[in-house]
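> Got a structure here, written out as structure tokens. Questions coming.
Residue numbers (this note's numbering): 16 to 93.
And the structure:
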């Protein structure tokens, strides 16, 4: 449903963020590429809007199952 990316210069990383809308049906959440994928998590749509660094108006787009455009977040320093 959404892809974004950002640079984190303090840790010298370039990250891609992929967001999927899905339904939990069972099993375990995990990855077969632990060296490449730092974290996978299930979150609510309001939480996803915050993680994607999108404005609140995108929550309506997500709840109506429309796609959200690609966003380049530039450099993020924490």
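Cβ coordinates follow ideal geometry from the N, Cα and C atoms, glycine included.
When the Cα atoms are used, what is the spatial distance from residue 17 to residue 26?
If you number the chain shown from 1, residue 17 lands on position 2. If you number the chain shown from 1, residue 26 lands on position 11. If I take the Cα positions, the gap works out to 24 angstroms.
> Given this structure, state the Cα-to-Cα distance separating residue 19 from residue 87, to the nearest angstrom.
On the chain shown, position 4 is the one that residue 19 refers to. On the chain shown, position 72 is the one that residue 87 refers to. Distance between the alpha carbons of residue 19 and residue 87 is about 6 angstroms.
> Hey, how far is the Cα of residue 48 from the Cα of residue 36?
Translated into the one-based positions of the chain shown, residue 48 becomes position 33. Translated into the one-based positions of the chain shown, residue 36 becomes position 21. Distance between the alpha carbons of residue 48 and residue 36: 21 angstroms.
> How would you write the range of the alpha helix (DSSP H) that residue 75 sits in, first residue to last?
Along the chain shown, read from residue 1 onward, the residue named residue 75 stands at position 60. That run of the alpha helix (DSSP H) goes 73-78.
> Measure from the alpha carbon of residue 66 to the alpha carbon of each residue in 22, 33 and 75, then state which is nearest.
As a first step, residue 66 must be located in the chain shown, where it is residue number 51. Comparing Cα-Cα distances from residue 66 to each of 22, 33 and 75, the minimum goes to 33.
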